[in-house]
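Under numbering that gives the first Met the number 0, the first residue of the sequence shown carries the number 0, and numbering increases by one thereafter.
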Amino acid sequence: MNRYYHERFFSDARFTTVSVVALFVLGFWEVPLAFLLIPPIALLGAAQTAFDASYLVFSRHYSETLERYLNEEVGESVLIAHELENRYLFPLNERKVVTASLDKDFSWFGFMTLFYTVMGALAFGFGLALGWRPLLDAGAAWAAAYLISLSVLAVTSLATGLWWFVGGEGERRLAAVLEGYPE
0 MNRYYHERFF
10 SDARFTTVSV
20 VALFVLGFWE
30 VPLAFLLIPP
40 IALLGAAQTA
50 FDASYLVFSR
60 HYSETLERYL
70 NEEVGESVLI
80 AHELENRYLF
90 PLNERKVVTA
100 SLDKDFSWFG
110 FMTLFYTVMG
120 ALAFGFGLAL
130 GWRPLLDAGA
140 AWAAAYLISL
150 SVLAVTSLAT
160 GLWWFVGGEG
170 ERRLAAVLEG
180 YPE
């Protein structure tokens, strides 16, 4: 399951990156309205890769439960992938920004999560800044509709991500189902 997460994540990250770079090139190539497509693509990429990460958290909880069960059955710790993942990638059941633990368990995996996030936020901001004049030239109604739509999507995505990841709702739901396993 973790393998499929990584395939999906990098596919989504590549699509977003190529799209954003192409839109920057198109925008500088005398199609300035292309800059205004960058913020929604960056936001979509952020939401999609966080969705991908939610699957990684799910699959890691499931595989950890299976490993613990099998270890109990054989009477020794033979399967330790979950322990390696908790130390090397990011810990489960602890507060984190998607997969970035911001405490002593911070890792390269966490750095890359934050790196992609910051790069997406920069693309969003630069795309909006470079498209600002063409947006205003389109008329006040278009500018208002664009900014309101983008703001609602961005705030909703951020709030939902904070609730699900930082607030721990997703992992609480998994814990409720997995509680008592293995028995």
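For glycine and all other residues, C-beta sits at the position ideal for the given N, C-alpha and C.
Shown here, Val96 sits in a strand according to DSSP, grouped into three states. Gly109 is positioned such that its CB atom lies no closer than 9 Å to that of Ile37. When the alpha-carbon of Trp163 is set against those of Phe23, Leu25 and Tyr54, the nearest one is in Tyr54. Taken in chain order, the whole alpha helix (DSSP H) runs of length 4 or more contained in the segment 90-140 are 107-136. When Cβ pairs closer than 8 Å are counted between the two stretches, the segment 60-75 is seen not to touch the segment 139-146, the count staying below three.
Shown here for Phe105: same chain residues with a beta carbon closer than 8 Å to its own, the five before and five after excluded, namely Ala99 in chain order. Per the coordinates, the alpha-carbon of Ser156 lies some 32 Å from the alpha-carbon of Ala80.
Counting only runs of at least 4 residues, the segment 1-59 fully encloses the following alpha helix (DSSP H) elements, listed from N- to C-terminal order: 1-27.
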